[in-house]
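Participant:
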Amino acid sequence: GSVFSNLVQAPEDPILGVTIAYNKDPSPVKLNLGVGAYRTEEGKPLVLNVVRQAEQQLVNDSSRVKEYLPIVGLADFNKLSAKLILGADSPAIQENRVTTVQCLSGTGSLRVGAEFLARHYHERTIYIPLPTWGNHPKVFTLAGLSVKSFRYYDPTTRGLNFQGLLEDLQSAPSGAIVLLHACAHNPTGVDPTPQQWEQIRQLLRSKALLPFFDSAYQGFASGSLDTDAQSVRMFVADGGECLVAQSYAKNMGLYGERVGALSIVCRAADVASRVESQLKLVIRPMYSNPPIHGASIVATILKDRNMFQDWTLELKAMADRIISMRQQLFDALCARGTPGDWSHIIRQIGMFTFTGLNLDQVAFMTKEYHIYMTSDGRISMAGLSSRTVPHLADAIHAAVT
Ligand code: PMP
């Protein structure tokens, strides 16, 4: 027999498993709203024109070779990524207080940051919002951190439980790490207002809590790269320290290229330099160094004024299409007279709507309407189109009546 014959079959990943179930469904009307990947009006994956252009440029450059990158990745990419999230005029960058390492998309950036904190930070507890992206607790636990949660979403208002958030962070031990979604909170689509962010900032700083931002949707939420970075920039403007994990999966459509960055903003340049030296010791035994292609695409786009401009337009078009899907779905439910208040569909922001549909209603919609989503009732607005909105609205209507 096999040395592994005692292994039990592991369950599918709760998010990626939705697509596996979808792929098995032969129905012509099936709809996959599970995975957070952008689709066009025609329901097709999108490669941005500016990405194609950058790739063409890279292919045509015969001086390019396939040598290993350094442990920390592509230098240009790191510098430009820090500028993108912190702002071109960020004093922290000018004062060399930021260290940035290229990582494997958002997930890898979170993992490297968490491994670093588990080794070198004095407080091992990380507070994550309730609910949050399903991978967060696993990434942090496996890195050796102890995971606790703070109240975030209020199911009765389908908005932010701001009082609960403040109370829970107020009673966190001094120095604890706090995971914050920079914008477009996944799965709820609920973000604090700028005034609420300011209160959160004051609370974190007064208790010496360490912010760890997860920025997976910069530009994808509002359509503006700067607006979606405001939360992070507030925390850097006060001179304090924080970590930021960036992903280019959504905003450049580079999902499978696995390109992202971890920045650690420190109080002083000498600290940042020592932090970077230790990050290298974290990365080397994990995967030695990151892949070159995706980071080269990003660096090509970020450093060219025209390509950067083209990117912002394509990014805004994706964000606008999602916002318009929210309106269309909301209007379709109003037109059907579907019972309940559905205004959260247009209030929430980013890729997902947290519908409020329960487990049974989700199961009903999958069985009767071949609509696939995560069991918490989260639907990806990016997977919808004008053509499929009526089918979804019919299904929701039937599920709640
Ligand atoms: N954080 C959040 C909140 C996300 O929604 C995602 C993507 N689903 C990620 C991180 C990481 O994605 P990736 O590793 O593909 O960049």
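Using our numbering, the first residue of the sequence shown is number 138, and each one after it goes up by one. Every residue, glycine too, gets a C-beta built ideally from N, C-alpha and C.
Report the residue from Lys161, Tyr354, Lys220 whose alpha carbon sits nearest the alpha carbon of Leu391.
Facilitator: The residue with the shortest Cα to Cα distance from Leu391 is Tyr354.
Participant: So which of Gln300, Ser361, Ser308 has the shortest CA-CA distance to Trp334?
Facilitator: Of the candidates Gln300, Ser361, Ser308, the one whose C-alpha sits nearest the C-alpha of Trp334 is Gln300.
Participant: On the DSSP letters alone, give me the boundaries of the alpha helix (DSSP H) that Leu267 sits inside.
Facilitator: Segment 262-267 is the beta strand (DSSP E) holding Leu267; no alpha helix (DSSP H) there.
Participant: State the DSSP-derived secondary structure class of Arg256, mapped to helix, strand or coil.
Facilitator: Correct three-state label for Arg256: helix.
Participant: Pick out every residue whose C-beta is nearer than 5 angstroms to a heavy atom of the ligand PMP: which are they, in chain order?
Facilitator: This criterion selects Gly173, Ser242, Gly243, Thr244, Trp270, Asn323, Asp351, Ala353, Ser384, Ala386.
Participant: Can you check whether the CB of Ala219 is closer than 8 angstroms to the CB of Ile208?
Facilitator: Taking 8 angstroms as the Cβ cut-off, Ile208 and Ala219 do not qualify as a contacting pair.
Participant: Drop a sphere of 10 angstroms on the beta-carbon of Val315, count the other beta-carbons inside from all chains shown, and report buried for 16 or more, exposed for fewer.
Facilitator: Looking at its Cβ environment, which holds 16 or more other Cβ atoms inside 10 Å, Val315 is buried.
Participant: So Phe582 is in the alpha helix (DSSP H); what residue range does that whole segment cover?
Facilitator: For the chain, the structure presents residues 138 to 538; residue 582 sits outside this window and is missing.
Participant: Going by DSSP in three states, Leu317 sits in which element: helix, strand or coil?
Facilitator: Three-state result, Leu317: strand.
Participant: Between Leu399 and Cys240, which are expected to be in contact by the criterion C-beta below 8 angstroms, what is the C-beta distance as a whole number of angstroms?
Facilitator: Right, their Cβ atoms sit about 5 angstroms apart.
Participant: Measure from the alpha carbon of Ala174 to the alpha carbon of each residue in Ile222, Pro292, Ala386, then state which is nearest.
Facilitator: Of the candidates Ile222, Pro292, Ala386, the one whose C-alpha sits nearest the C-alpha of Ala174 is Ala386.
Participant: For Ala530, which option in Ser139, Tyr506, Asp513 has the closest C-alpha, if you only look at C-alpha atoms?
Facilitator: With distances taken between Cα atoms, Ala530 lies closest to Tyr506.
Participant: Can you check which of these residues, Ser523, Ile508, Ser517, is closest to Ala535 by C-alpha distance?
Facilitator: The residue with the shortest Cα to Cα distance from Ala535 is Ile508.
Participant: Roughly how many angstroms lie between the CA atoms of Ile533 and Cys471, to the nearest whole one?
Facilitator: Computed Cα separation, rounded: 12 angstroms.
Participant: Have a look at Phe491 and Glu204 and give me their C-alpha separation to the nearest angstrom.
Facilitator: Each residue's alpha carbon lies about 44 angstroms from the other.
Participant: For Asp457 and Gly360, what's the separation of their Cα atoms in angstroms?
Facilitator: Their Cα atoms are separated by approximately 7 angstroms.
Participant: Along the chain, where does the beta strand (DSSP E) that runs through Leu380 open and close?
Facilitator: Taken as a continuous stretch (DSSP letters only), the beta strand (DSSP E) holding Leu380 covers 379-384.
Participant: List in chain order: all unbroken beta strand (DSSP E) runs of 3+ residues lying wholly within the segment 150-190.
Facilitator: With a minimum length of 3 residues, no continuous beta strand (DSSP E) run stays inside the segment 150-190.
Participant: To the nearest angstrom, report how far apart Arg295 and Asp365 are at their CA atoms.
Facilitator: Using only the alpha carbons, I get a separation of about 21 angstroms.
Participant: What residue range is occupied by the uninterrupted beta strand (DSSP E) comprising Leu412?
Facilitator: Here the sequence assigns Val to residue 412, which means Leu is not the residue at that position. Premise fails: Val412 lies in the alpha helix (DSSP H), 406-424, not in any beta strand (DSSP E).
Participant: Excluding sequence positions up to five away, which residues of its chain have a Cβ less than 8 angstroms from the Cβ of Gln190?
Facilitator: Met444, Asp447, listed in sequence order.
Participant: Taking buried to mean at least 16 other C-beta atoms within 10 Å of its own C-beta, is His259 buried or exposed?
Facilitator: Counting Cβ neighbours within 10 Å, His259 comes out exposed, since fewer than 16 surround it.
Participant: Give me the residue from Gly514, Met423, Leu380 with the minimum Cα distance to Arg404.
Facilitator: Minimum Cα distance to Arg404 is reached at Leu380.
Participant: Give me the Cβ distance between Gly397 and Ser384, rounded to the nearest whole Å; I'm assuming they're in contact under 8 angstroms.
Facilitator: Going by Cβ atoms, the distance from Gly397 to Ser384 rounds to 4 angstroms, so yes, they are a contact pair.
Participant: Going straight from the alpha carbon of Asn495 to that of Gly514, what length do you get?
Facilitator: Straight-line Cα distance between these residues: approximately 6 angstroms.
Participant: Could you give the residue range of the alpha helix (DSSP H) that holds Asp457?
Facilitator: Counting along the chain, the alpha helix (DSSP H) containing Asp457 begins and ends at 442-473.
Participant: How is Leu399 classed by DSSP in three states: helix, strand or coil?
Facilitator: Here Leu399 sits in strand by DSSP.
Participant: Alpha carbon to alpha carbon, how far is Leu439 from Leu144?
Facilitator: Going from the Cα of Leu439 to the Cα of Leu144 covers about 47 angstroms.
Participant: Ignore the nearest five residues each way along the sequence and tell me which others in Gln307's own chain have a CB closer than 8 angstroms to its CB.
Facilitator: Same-chain partners within the cutoff: Leu340, Lys344.
Participant: Does the separation of the CB atoms of Ser286 and Cys320 fall below 8 angstroms?
Facilitator: No. Outside cutoff.
Participant: Can you find the residues in the same chain that come closer than 7 angstroms, C-beta to C-beta, to Gln415, ignoring five residues on each side of it along the sequence?
Facilitator: Answer for Gln415: Phe253, His257, listed in chain order.
Participant: What first and last residue would you give for the beta strand (DSSP E) that runs through Val238?
Facilitator: Counting along the chain, the beta strand (DSSP E) containing Val238 begins and ends at 235-241.
Participant: Entirely within the segment 291-335 and at least 4 residues each: give me those alpha helix (DSSP H) ranges in chain order.
Facilitator: The segment 291-335 contains these whole alpha helix (DSSP H) runs: 299-307.
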